[in-house]
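Protein sequences, first through last, are from chains A and B.
The first sequence finishes on residue 486 if you use the working numbering, and the numbering steps up by one all the way, no holes.
The second sequence finishes on residue 11049 if you use the working numbering, and the numbering steps up by one all the way, no holes.
Glycine included, each C-beta is placed from N, C-alpha and C at the ideal position.
Below: the structure, in structure tokens.
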Amino acid sequence: MQVTSAIREPLVTGGKTMHDITEDICKRVEEKPSMSWLIAFGFSVVLFIIGCLSLASTWWYGIGVWGLNKTVGWAWDITNFVWWVGIGHAGTLISAVLLLFRQKWRTSINRAAEAMTIFAVLCAGSFILMHMGRTWLAHWALPLPNTYGSLWVNFHSPLVWDVFAISTYLTVSTVFWYVGLIPDLATIRDRAKLTLEQNPLLATDTPAERAEKKKKRRPIAAFAYGILAFGWEGGSKVWARYEYVALILAGLSTPLVLSVHTIVSMDFATSVIPGWHTTIFPPYFVAGAIFSGFAMVLTLMLVTRVVYKLEDYITMEHIDLMNKIVMLTGSIVGVAYITEFFIAWYSGVEAESYAFINRAFGPYWWSYWAMMTCNVISPQLFWFKSIRRNLIWSFVLSIVVNVGMWFERFVIIVTSLHRDYIPSSWVYFRPTIYDVGDYVFSFGLFFVCFFLFAKYLPVINMAEVKTVLNSSDEQAKKLAEEKLKH
Amino acid sequence: MENKKIYWKGFEELTNDLEFVKKAEKEFPDFLPIAEKDEENNTSRRDFLKLMGFGMAAVSLAACEAPVKKAIPYLNKPEDIDPSIPNYYATTYFQDGEYCSILVKTREGRPIKIEGNTLSKVTKGGTSARVQASVLNLYDLERLNSFMDGGKKASKDSVDSKILSALQATNGTIYIVSNTIISPSTKSVIAEFAKKYPSTKHVSYDAVSAYGILKANEKSFGVYGLPNYDFSKAETIVSINADFLGTWLSSIEYSRQYTQGRKLSKEKKTMSRHYQFETGLSLSGANADHRVAIRPSQEGLVVAQLYNEVVGGGSSPITDKNIAEKIKKAADDLKAQKGRSLVVCGSNDVNVQILVNAINDALTNYGSTLSITQANYTKQGNDEEMAKFVEDLKGGSVGAVIFYGTNPVYDYPKGKEIADALKNVALSISFSDRVDETSKLCKFITPDTNYLESWNDAFPTDGNYSLTQPAISPIYPEGTRQAQDSFLTWSGSKNNYYDVLRGFWKTNILKGQAFNEAWTKALHDGVYETNAKVATVVTPKDSTQKETKPAQEVKPVPTTSVAFKGDAAGALSAVSSAYKADNAKTELAIYQKVGLGSGAMANNPWLQEFPDPITKATWDNYALISKSYASQLGVETGSMVKVTVGGSSITLPVIVQPGQQKNTVSIALGYGRISTGKCGNGVGQNVYPMASFQNGSILYAAYEVAVAKAEGKVEMALTQTHQTLMGRGHVREANLTEYNKNPKLIREKYDIFINTADGPKKPTELTMWKGHEEAYNKNHWWGLTIDLNSCTGCGACVIACQTENNVPVVGKQEIINAREMHWIRIDRYYSTDADTSVKSMSNYEKMEDPSENPEVVFLPVMCQHCNNAPCETVCPVVATTHSSEGLNQMTYNRCIGTRYCANNCPFKVRRFNWFNYTNDEKFTTVNFMSQSDLGKMVLNPDVTVRSRGVMEKCSLCVQRIQAGKLEAKKEKRKVKDGDVVTACQQSCPADAIIFGDMNDPESRIAKTIGITKNEQKDIVLEDERAYHLLEEINVKANVTYLAKIRNKA
């Protein structure tokens, strides 16, 4: 069906065969943990423990340990929440929207991106719980039947919309990710089973070979992945249904890509606070979310690519394409920043125009200009192909973008709140060690999850990558034949 | 010896009851089934075990619940105590010269709140922050619960017998050093004591002295008293260093009078004009129409020049053009309004005060705006006698000293000398309720009862008497005793003070009336007015009256006029030589803060956390310096400076204060306590030792002071850090002349319109909200209005609200973290020199800087109870909702603490419980009201104490609304206007706050703001001054403000 231009770069390089793909990806799951993985995982566990200690104090003493005050009621907590939710956007965008647009290059990054999405949304969720004064009553934000009379949630409140949006997003993303995992899990299961008696392939082996293979038995893996694989047997009917499910889930997820951050933006847009009360927020937040999500995928994939030697799967072409998206969304965000300023002036509303002047030149000018530099100026470097295709540049800029996006949320939340309508309440917010500590917690949680994922689950969607493997043209055939001779 | 005791299980064993003996040997009683199946009871052993198991589980579950502590029902219910129904007792507050007639609200026998007594002709229902906070002193954990003998607890009897024998043995003078005593009965007790011990001398001593005025009045009119001022009758008020709205003399009374003269209405189109000449920016200066900064060393000359201008002739000692010009202006106004003007001066120099008297006399003000025939006795301290006492103490001629209501080791300029000499006195007794700086050094402490536990009377001004009655029986009946009873005991009297008091009233004050009825009525009202001749009591060496007057002399009925016989010319020349027109040195002005005053109540956390009306600082005192002086020193707010006067120096932080005279430093008294209790110890620096003596009276200034930058910088605990309005229209103001010419002026200037295709529209016309009219039409529609023209910014409401609503105290660090919990705050804004119409970046920066001598506005802000409340829509769990009567309500139980409501509140009035203030160790010291059994007694049982993680805010005293509604319901009628009074309204000495039902066209609030509905059923405020905060965002507040009008020349 797909017409691929001859001059287009192959999506998988290095003349990989189907078997090579299976080997390359499964090896990481089957091998003993490497030293580099152990170090990275150990580091994230340390982060996680430090974060847990900070979080324990926060919960024990109350959120007064943070730097919040009577005027600035949200700062790092909601900044971090929005930041993580934003990061969590790339996964669904890559797997759902790009699937619908038949962007085949997505196949080698979608698995990790989706995993990242789920972990990022978990981190975001942890901040929703954390920021509450009485976390132990968090379930009251859910429309649960209760014995308090006809007490219901407030459907006017954007926070309730958030609860629905985030939980829906988390559910759909998890299901989508998991459904995509099933064929690959089955592959790993089969490879683990390969050494078992009941495997029909063993029948052809000599007794010596059989004994050799028996030594390599991995019954626990076979059992565990067997359960996770849901009894996948790879028949064409199953494949057909699998593809339908993927398509339906993609269709379901696509609106979510837009809705989640739209709703998060409404936390601010529906308020009366100058700097929050802005109709531009929904598209601007979605663009920002994709921007930061892609940057995070880039950060993670650039590392994974090197550590797991996946250069043939995540090629320069992938990095180039993602950098282009970063550049595009960064520019959209930049336009949004400028539009806000224009509207603030054009509206003639005193508090509104002051809020924006104060953003850029008030006490928090440094955060505003950090945001502008990181989000608007730095992605413009990606106009140069050499920078787009330079690993170091891409890596550094991907981090810069996420720093910038953190500042964007900080700027929106804190600089709008700290000087709103009545000057007597104007204050300057300063974070405390616990603000930082609880942020560290989310990093700990994220990386612990991500490294566990990277070790125990296939980081690249083998089944889908195989479908984009170019195996029918002359050169590919030649390569395959050569391999067979060996 | 062998123990022969025998225990028996019951009378049955003792009497060898047959039945008992049979069963005694059995381990289990018969009725417990031991067999597998008991046919009779149909229960098996298994059932028994099951039940046992269930019982155990049930008990352990039940044990998880918090036990109910100390809920003891009445065996016989006291007649007048009904659970949940408050009782009010009229009584009198008097401390450091501040007199206030009050009602004490008690619940189940515990005083929980102070309200102003509207029957009083003196304070007229007003209170101050200190009066409001005084209820907490009753439950102060630092109060002594035992008599003290040499620093150790001792029994009453042993202390009494030791004191008695020491008193009898002494051959030196027995000094009673008391603060001003306005109770005639107490004086009679002291007189009786003096009769028993003839060597007794009574010295009246005020921590903050007004001796200059007293002496000047004695010289001018032969009356040792303060004049009775009536600011309401004055068209022109000139005040020189007298903060009469804040701390000067009877400021509650003056606030009421002053604001009466400033109020505007449809009928009243005039208001007084107020000139203030002062060093630091005081509360009065902040309210003045014209304020001029002067040096303390110019004070006398300003009065002299004013005298010259008013009386005519004489030289002009003031060389500063600006000051001279303003004096001329003030004098012109004064002369134009003879008999309707008033000059007051805070100086403690007798010569200056004689000149002030001469000016008022020349203006024929005596008899109209002030009266000396109707004198005020709330300050009687005699600095010269006090100095004599200190000399005697040092000289060793003092045999015994009794400190009554005073703490001179702390608050006398030569306190250290007293401390050193006190060791050599044979007998020293203090009545202090705690181990303070003075009582610590005394041999005995016989703790006085709190005023809420005591009987007493008061004679604050001629013609006005009032009574103090206990609202609770003494909390420590064994460890405390009312001072008067102690005096009586030591005089050998068999009477108790209550009998003496009644006897005194019977024979003197209520003479010739049916005593029981009259007494009961006086006790009920708390006040008693009379113009009849009443005997006054004179204690030996009591300067209230002349020494020559015999005890029990009859005071003449006040006559209408007394001729001025002071030596004005002599005073003028004395003043000219004592003061300097332009001193080159830096000078120090010592002042009192509105919250803490003299510092006697320094252990009161409410007052420590009370934001100063001007600086908005809490938990500290500081050196106030002008901006130019600060840049000269290279310091800014928070930098430490060392201030040296003579030999003594203190190091304290700086606050850069607009309005401060350029080369002066102002430092507040009342801080630097070292022995008052955990809350107040070590807060700030003691500046009393820097006061000196001038002309025999204490001078609260120093004409030469060295200020040097010191190491370090601290964060100041300020509740407001932004000083100016940034050109926004939150406080509407106009000048009287222009306003009278065109009342619409204010609306024209401040109303905001939105440009639409159909022309400019009011924000209320463009709305998605359905409105609440339908709901409100059914019943009440509560509203509050605040007259910014009346509000002086004193802050009594802040403490009243805190007391009423159990608002926690959070301590200095949390104030630095901007987390104060006050439900009502008083915003204070300074004017700026920048052009506020230019909205550019550079200009915004300039707008942040206040003027050098700014105009000041106060804006009390509490929850505005918006009809279209932004907080209500955003709460995810419906914890904040709108009532059908216009209230924005908080349901604490439902709140999960997302703080979204606080973020979305455009007024930033919501307060969050960041910590568990009622349990967290960090707050034990400052918030003992919620953390100790004694402190908890002050909590209002009608208001929930909020837990950690919960949002709170002003409820418009919903508990009071409910009480008012219930009362009306019982009487089968609608709530009348005035049935419900909010705590802030009740406390306001300026009558600036009106609460009421806006649906009721006859209510005061509806009439004041002129509320009507136009054709679109839109609410219209008819009064030109009435407005809502932030009308432009259409939140439709139910709190209204009336614009401020100034009367500038």
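Taking the C-beta atoms as reference points, I10754 (chain B) is found nearer than 8 Å to K10761 (chain B).
Residue state for C10988 (chain B) is assigned as coil, using DSSP reduced to three classes. DSSP lists B:N10464 as the beta-bridge partner residues of E10529 (chain B). With a cutoff of 8 Å on beta-carbon distance, I166 (chain A) and V97 (chain A) are scored as not near each other. In the structure shown, the three-state DSSP call for K10494 (chain B) is coil.
Taking the beta carbon of K10770 (chain B) as reference, no residue of chain A falls within 9 Å; the closest one sits roughly 13 Å away. For the 8 Å CB-CB criterion, I10182 (chain B) and Y10377 (chain B) form a contact.
When rounded, the separation of the alpha-carbon atoms in M371 (chain A) and N402 (chain A) is 10 Å. Taking 8 Å as the CB threshold, M35 (chain A) stays off the interface with chain B. Counting along the chain, the unbroken alpha helix (DSSP H) around Q10305 (chain B) starts and ends at E10299 to V10311. Against P143 (chain A), chain B offers no close residue; the least beta-carbon distance is about 10 Å (beta-carbon pairs closer than 9 Å). With a contact defined as Cβ atoms closer than 8 Å, V427 (chain A) and N69 (chain A) qualify at about 6 Å. Across the segment 10834-10845 of chain B, CB contacts with chain A closer than 7 Å involve K10839, M10841 and Y10844, in sequence order along the chain.
Taking the Cα of I11005 (chain B) as reference, the smallest distance to any Cα among B:A11026, B:Q10305 and B:P10989 is reached at B:A11026. A straight line joining the alpha-carbon of F441 (chain A) with that of Y10829 (chain B) spans about 42 Å. Contact between the segment 10585-10592 of chain B and the segment 10277-10296 of chain B is present: 3 or more CB-CB pairs across the two stretches fall below 8 Å.
L159 (chain A) belongs to the set of residues whose beta carbon lies under 8 Å from a beta carbon in chain B.
Using a Cβ-Cβ distance cut-off of 8 Å, the segment 10973-10990 of chain B and the segment 10138-10156 of chain B are not in contact, since fewer than three pairs of beta carbons, one from each stretch, lie closer than that value. Inclusion of T11012 (chain B) and T10785 (chain B) in the CB contact set at 8 Å is not warranted, their separation being larger than that value.
Looking at the DSSP output, I10754 (chain B) sits in a beta bridge with B:K10761.
For L137 (chain A), the closest Cβ of chain B is nearer than 8 Å. Around the beta carbon of A141 (chain A), 16 or more other beta carbons sit within 10 angstroms, so the residue counts as buried. The C-alpha of F10231 (chain B) is placed about 29 Å away from the C-alpha of A10617 (chain B).
In the DSSP assignment, K10713 (chain B) falls within the beta strand (DSSP E) that extends over A10706 to K10713. A check of alpha carbon separations from V448 (chain A) across A:E23, A:V46 and A:C26 identifies A:V46 as the nearest.
Any Cβ of chain B closer than 8 Å to the Cβ of Y61 (chain A) would place that residue at the interface, and such an atom is present. Residue range W10782 to D10787 is occupied by the beta strand (DSSP E) that includes W10782 (chain B).
DSSP, read as helix, strand or coil, puts N146 (chain A) in coil. In this structure, the straight-line span from the alpha carbon of M462 (chain A) to that of M18 (chain A) is close to 9 Å. Nearest neighbour of T10724 (chain B) by Cα position, chosen from B:G10126, B:V10352 and B:F10858, turns out to be B:F10858. The shortest CA-to-CA distance from V10356 (chain B) to any of B:Y10622, B:I10815 and B:G10566 is the one to B:G10566.
What Y10900 (chain B) touches in chain A, judged by beta-carbon distance under 7 Å, is L159, going in chain order. Rounded to the nearest whole angstrom, the C-alpha separation of A10775 (chain B) and K10113 (chain B) is 34 Å.
Ranked by Cα distance from E10098 (chain B), the options B:D10582, B:I10213 and B:K10379 are led by B:K10379. The C-beta of T10873 (chain B) comes closer than 8 Å to at least one C-beta of chain A. Taking each of B:I10402, B:L10138 and B:H10882 in turn and checking the Cα distance to H10772 (chain B), the smallest one comes out for B:H10882.
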